[in-house]
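Okay, so here's the structure we're looking at.
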Ligand SMILES: Cc1cc2nc3c(=O)[nH]c(=O)nc-3n(C[C@H](O)[C@H](O)[C@H](O)COP(=O)(O)OP(=O)(O)OC[C@H]3O[C@@H](n4cnc5c(N)ncnc54)[C@H](O)[C@@H]3O)c2cc1C
């Protein structure tokens, strides 16, 4: 077991070329905080990118940040906050969920895992913000893709392909990411005492209004979230923007939903703490032996899928984000129940159904034997395998991380 | 513009091809020359080429059947939506079929609970909004061609619009697609849920200019219309002051719904055309639109006005009614045809630059007007740095088209030189194909073509577009292996 720790892109290239020549697979890590995500990698050597750290350029007026991939997220968040900006995709801090301290992780890790937070449905995920990159392919060649401007359609959008590819297509050596002004204020409307199906209906009404909701979640009575009443299922809606705007939209939203549930409001740090807990899946961090799944389904089907999950998986607990479109599910330690979990997703029929489930937290042995990512139909799987072969013909980059044997 | 040499065997085999296509797409094959003629160009109309055959399928199954025939017979395929593309992406090939998607024009599903619309690719961009506007919804990306252009074409070009700074371009607004590979295999990605699983193939299909697959269905997200929108017209004595104002608005944390700039020649052409009330003497004109709740819009308009005046704006008018707002935009939206009236011909360029380089780029373009002996008018998606210089020329004057093309290439090279890119929204097509080597080096382009090889190893889907050189996939697959020592052995290991 060797750890290669390059200091610059040239050394990354040298390391990958060596791995290709010797047919020695590499596990690619930043600071290793997301090792628990995805399938365990089968590699004798580690390529540690934490040495490629630092801000190359930050131009707030151009909405652009260029960094080396090993730059700590904490450093970047603080830098952007200094100018009132942020990554609008609200990357979760999955450290505590995966049994590690919070505040860790690198920009390269966030991009490679394709993360997104509660604002996903409105502001997109990492893939919507990565504008350009430099990388070393598994062929041992450096290439760049995308650009350093916010609008660009020159050539294929390879930055999207590499974002969320868990390091299986290329080793990132530089990233240009779009940044945006952070919201001036945020307030949360709490709708207390609503079951999941009603919660989804309320969220759909809010999301289909002009209130510009930027967070819509539902939590059950058996999970504790900061700022919410005890043992009460609640739907929560976040409004962000200039204070005058948030006030006007809150009035509108409250009037629109009047009489459909008990209303309360959270503001300031209380509101922020709630959405951090939703983003980071904090209630599931507390019981580290339980398994955690994340499902993505059509939001309006969230309650039905949730019912099917709860009846098929004894001891399950779950909450909903994205207006019902994401189901965060926690299962008792043991079997991951992949068949039951994936079977709860409604089969595509007409224009309904469909979705996917990812096993987010489970012991390594489970992640090695259960498909962590949704198995793909044969044609799509073959196409994905051909793409992998074009970027990494010898399979030296994070083999097995996304699919067994590739 | 050099296109791949037509394959003589395919040309000779035309009759057999037509016969097989007629079986695959009954009643949807156009063979007669005068009927084919209607498809000989797209929005880049100085290039024309008669296609070998035109096929107009009515279903995904027919698209797949037509592609299978072409694959088996080694025939090239050029997908076509509405043919409004400005970079020649749908320019036919002499030895290839046009696969027109215009008959796949049904809206399949409207789902207000999930806030999605699912359509066939031939539905127009505006057709989506029309289908849902009675319920207050709309589809956000709004290219100026939205009456005519197809959603399939929007996906293929990753099209933008004047509202994309705040609401994103096509790729940020689609949730699912169905496409057919050159092998005739139907692949579905995403749906009404967020994120398609595995590699982000929807991300690379979007903007792939018809080279990776034929899009046969699209699921878009729709939004509720903002409560209100107001626009402010700002005139400046210099281009620099306009540019500084754009930067200052963004630095103040304001992301307007739209922020467009026109230079003096463009704003005058537009004013002549639609009488929008633009200040004719301004060196640059900004239209800034704020949308949202009334209270927010009023608040932000005031801030924008303050910023602009502080930076020397000499003209400032805020729209007080929907009609007035529409009038402000009418000039901008008609800028291309307006410029079309002051010149016999014009060519629309589409580079993106870092916004801070705007004064330098405009200065350089003014100098270049003398070098090339042609005039330029500029419209500019100012918020995101996407320039549309319109080069005015007269194709009837010998040599002027060639000069205009050289001028255009020089402008795009300038965009790359200052850190920008060749195209912000119109695509590479054939127009910018040979400039790709200015932005990308050989290794960058080879890796892009390798992606193509995973989808279409025989280069049958829209060849001759986007990439200046078509490497054979087998050659690109070969690897040079450098045997060597363990890298940088002097570094600490653990
Ligand atoms: C006056 C005018 C204004 C314009 N304004 C804008 C603007 O504001 N913003 C902007 O972004 N663009 C603009 N455009 C450019 C153009 O309208 C867009 O690129 C549009 O998306 C093209 O759509 P289309 O259906 O006409 O595609 P086509 O021109 O038919 O095709 C464009 C490309 O897409 C491919 N293609 C088409 N359909 C499919 C499919 N179903 N599957 C796979 N590939 C396909 C073709 O092969 C071709 O490469 C403008 C054009 C004009 C003429």
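Residue numbers (my numbering), protein chains in the order written: chain Y, 6 to 411; chain R, 86 to 579.
Positions of the beta carbon are idealized from the N, C-alpha and C atoms, including for glycine.
- [ ] From the DSSP output, in three-state form, read off residue 471/R for me.
- [x] Residue 471/R carries a strand assignment under DSSP once its states are collapsed to helix, strand and coil.
Open item on the list: Buried or exposed for residue 256/Y, going by 16 or more other Cβ atoms inside 10 Å?
Closed with: Exposed.
TODO: Taking residue 196/Y and residue 240/Y to be in contact with their CB atoms under 8 Å, please state how far apart those CB atoms are, rounded to whole angstroms.
DONE: 4 Å
Task: Which of helix, strand or coil DSSP assigns to residue 463/R - done: strand
- [ ] Find the residues of chain Y that neighbour residue 335/R, judging by a C-beta separation of less than 7 Å, and give them in chain order.
- [x] 66, 68
Task: Endpoints, beta strand (DSSP E) assigned at residue 343/R - done: Run containing residue 343/R: 343 to 348, per the beta strand (DSSP E) assignment.
Open item on the list: Quick check: what's the CA-CA separation for residue 68/Y versus residue 60/Y?
Closed with: 14 Å
Open item on the list: Tell me the DSSP secondary structure of residue 122/R in three-state form.
Closed with: helix
- [ ] Below 8 Å between beta carbons is the criterion; list the residues of the stretch 498 to 524 of chain R that meet it against any residue of chain Y, in chain order.
- [x] Under the 8 Å Cβ criterion, the stretch 498 to 524 of chain R contributes 504, 505, 506, 507, 508, 509, 510, 511, 512, 513, 517, 521, 524.
Open item on the list: Is there a C-beta anywhere in chain Y that falls below 8 Å from the one on residue 372/R?
Closed with: no
Open item on the list: Whole angstroms are fine: how far does the CA of residue 283/R sit from the CA of residue 376/Y?
Closed with: 12 Å
TODO: Check the Cβ of residue 528/R against every Cβ in chain Y and list those closer than 8 Å, keeping chain order.
DONE: What residue 528/R touches in chain Y: 146, 147, 148.
Task: residue 378/R, buried or exposed, once every other Cβ within 10 Å from all chains shown has been counted against 16 - done: buried
- [ ] With DSSP as the reference, please indicate the residues paired to residue 296/Y in a beta bridge.
- [x] 336/Y
Open item on the list: Out of 410/R, 289/R, 360/R, 339/R, which one is the CA nearest neighbour of residue 590/R?
Closed with: Any property of residue 590/R remains undetermined from this structure, which presents chain R solely from 86 to 579.
Open item on the list: Just to make sure I have the definition right: I need the residues of chain Y whose C-beta is within less than 7 Å of the C-beta of residue 476/R. Which are they?
Closed with: Correct list: empty, because the minimum Cβ distance to chain Y is about 20 Å.
Task: Own chain residues within Cβ distance below 6 Å of residue 333/R, not counting five before or after - done: 392
Open item on the list: I need the boundaries of the beta strand (DSSP E) containing residue 220/Y, first residue and last residue.
Closed with: 218 to 224
Open item on the list: Can you tell me whether residue 262/Y sits near ligand 1, meaning its C-beta is under 7 Å from at least one heavy atom of the ligand?
Closed with: no
Open item on the list: Taking CB distances under 8 Å as the criterion, tell me whether residue 92/Y reaches chain R.
Closed with: no
Open item on the list: How far does the beta strand (DSSP E) with residue 491/R in it extend, from its first residue to its last?
Closed with: Residue 491/R -> not in any beta strand (DSSP E); alpha helix (DSSP H) instead, spanning 485 to 502.
Task: Residue range of the unbroken beta strand (DSSP E) whose run includes residue 425/R - done: Here residue 425/R belongs to no beta strand (DSSP E); instead the alpha helix (DSSP H) covers 420 to 427.
- [ ] Figure out for me which residue from 252/R, 240/R, 260/R has the closest Cα to the Cα of residue 93/Y.
- [x] Proximity to residue 93/Y across 252/R, 240/R, 260/R peaks at 252/R, based on C-alpha coordinates.
Open item on the list: Which of the three DSSP states is assigned to residue 366/Y in this structure?
Closed with: strand
Task: Contact list for the stretch 430 to 457 of chain R against chain Y, Cβ threshold 8 Å - done: Answer set for the stretch 430 to 457 of chain R: 437, 438, 439, 440, 441.
- [ ] Assign residue 577/R to one of two classes, buried (16 or more other C-beta atoms within 10 Å of its C-beta) or exposed (fewer than that).
- [x] The predicted position of residue 577/R is uncertain, since its pLDDT is 48 and thus under 50; a value taken from the coordinates is nonetheless stated next. Burial call: exposed.
- [ ] Taking only the alpha-carbon atoms, compute the straight-line gap between residue 579/R and residue 10/Y and give it to the nearest angstrom.
- [x] For residue 579/R, the predicted structure reports a pLDDT of 43, less than 50, and the residue's modelled location is therefore unreliable. A value from the coordinates is still provided. Going by the C-alpha atoms only, they are around 9 Å apart.
Open item on the list: Quick check: residue 240/R and residue 303/R, are their CB atoms within less than 8 Å of each other?
Closed with: yes
Open item on the list: Excluding the 5 residues flanking residue 136/Y on each side, which residues of the same chain have their C-beta closer than 8 Å to its C-beta?
Closed with: 69, 151, 152, 153, 154, 155, 157, 164, 181, 182, 183
TODO: Indicate whether residue 510/R and residue 244/R have their beta-carbon atoms separated by less than 8 Å.
DONE: yes
- [ ] Just mark residue 565/R as buried or exposed, buried being the case when its beta carbon has 16 or more other beta carbons within 10 Å.
- [x] exposed
Open item on the list: Could you pull the DSSP bridge partners for residue 179/Y from this structure?
Closed with: 139/Y
Task: Ordered list of alpha helix (DSSP H) runs contained in the stretch 262 to 306 of chain Y, each at least 4 residues - done: 273 to 285
Open item on the list: Under DSSP, the alpha helix (DSSP H) around residue 344/Y begins and ends at which residues?
Closed with: 343 to 349
- [ ] With a threshold of 16 other CB atoms inside 10 Å of the CB of residue 436/R, please say whether the residue is buried or exposed.
- [x] Looking at its Cβ environment, which holds 16 or more other Cβ atoms inside 10 Å, residue 436/R is buried.
Open item on the list: So, does the stretch 471 to 480 of chain R touch the stretch 489 to 499 of chain R, judging by three or more C-beta pairs under 8 Å?
Closed with: yes
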